[in-house]
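Start counting the sequence shown at 530; every next residue gets the next number (my numbering). C-beta atoms are modelled at their ideal positions from N, C-alpha and C, and glycine is treated no differently.
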Amino acid sequence: MAENPAQFGLMLTLPSLGGSSALLCCGIVLILLIILLIIIIFYKRKKDFEAYAEYGMGDANAPTTIIGYKHPCKYCDKLVNQGAKVCPFCGKVSPLGPFRCPKCMNPTTRDQVVCSACGLALKIICPFCKKETFFGDYCDKCDKRLLIVCPNCLKEQPPIGDKCMKCGKKIKKQTTPKVVK
Ligand SMILES: [Zn+2]
Ligand SMILES: [Zn+2]
Ligand SMILES: [Zn+2]
Ligand SMILES: [Zn+2]
């Protein structure tokens, strides 16, 4: 008799396993192997795809449609990752997707004069260069970020109206531009 009680227990239970249970064990192992194989294949494919996207960046002639993970920045046209908040090449915010109304975030286009959702004027005089510009994130003419700072609470905000979004105090026309780039 085996001195080890665990070994003894194993000897007792093994013969009691019926043929069907052994088959079930084999089946489970097989399924686990298949799952593992699928994961490995999936991982490899993902790797290949990323490598391809990387390759696409260097080749100016590669069609952009097959590069799944990168999209052109709307300011500098360089390819940036999907979901990027800032373009790593030109440093501008929201490099992807449509322009948005600074007040209600409704998508806009550069040819719109007012926001279709909230009626905000989308043609404004840039507070820095005093020239007319589309009300996006940046001035069309001087390229400065269209943000002003409330002198009272220091809240950064797009130049909408003459009152601060946060503290409600009147914001005087700013003469010294704050360069946010
Ligand atoms: Zn860019
Ligand atoms: Zn709006
Ligand atoms: Zn300007
Ligand atoms: Zn304020």
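Look up residue i in the DSSP assignment and give the residues it is bridged to.
i      : result
Lys599 : Asn610
Ala650 : Val643
Thr637 : Phe628
Ile677 : Gln686
Tyr667 : Arg674
Val622 : Val615
Under 8 Å by Cβ, that's how I've got residue i and residue j pegged, so tell me the actual separation to the nearest angstrom.
i      : j      : result
Cys630 : Thr637 : 5 Å
Cys679 : Lys695 : 7 Å
Cys693 : Cys682 : 6 Å
Taking the alpha-carbon positions, what's the residue i to residue j distance?
i      : j      : result
Lys660 : Cys671 : 9 Å
Pro624 : Ile557 : 49 Å
Lys673 : Cys605 : 15 Å
Lys684 : Lys603 : 27 Å
Cys644 : Arg574 : 44 Å
Ile570 : Tyr598 : 19 Å
Pro688 : Lys652 : 12 Å
Checking 8 Å against the spacing of the C-beta atoms, do residue i and residue j come in under that value?
i      : j      : result
Leu676 : Phe664 : no
Arg639 : Phe657 : no
Val622 : Lys614 : yes
In terms of residues, what are the limits of the beta strand (DSSP E) holding residue i?
i      : result
Phe663 : Glu661 to Phe663
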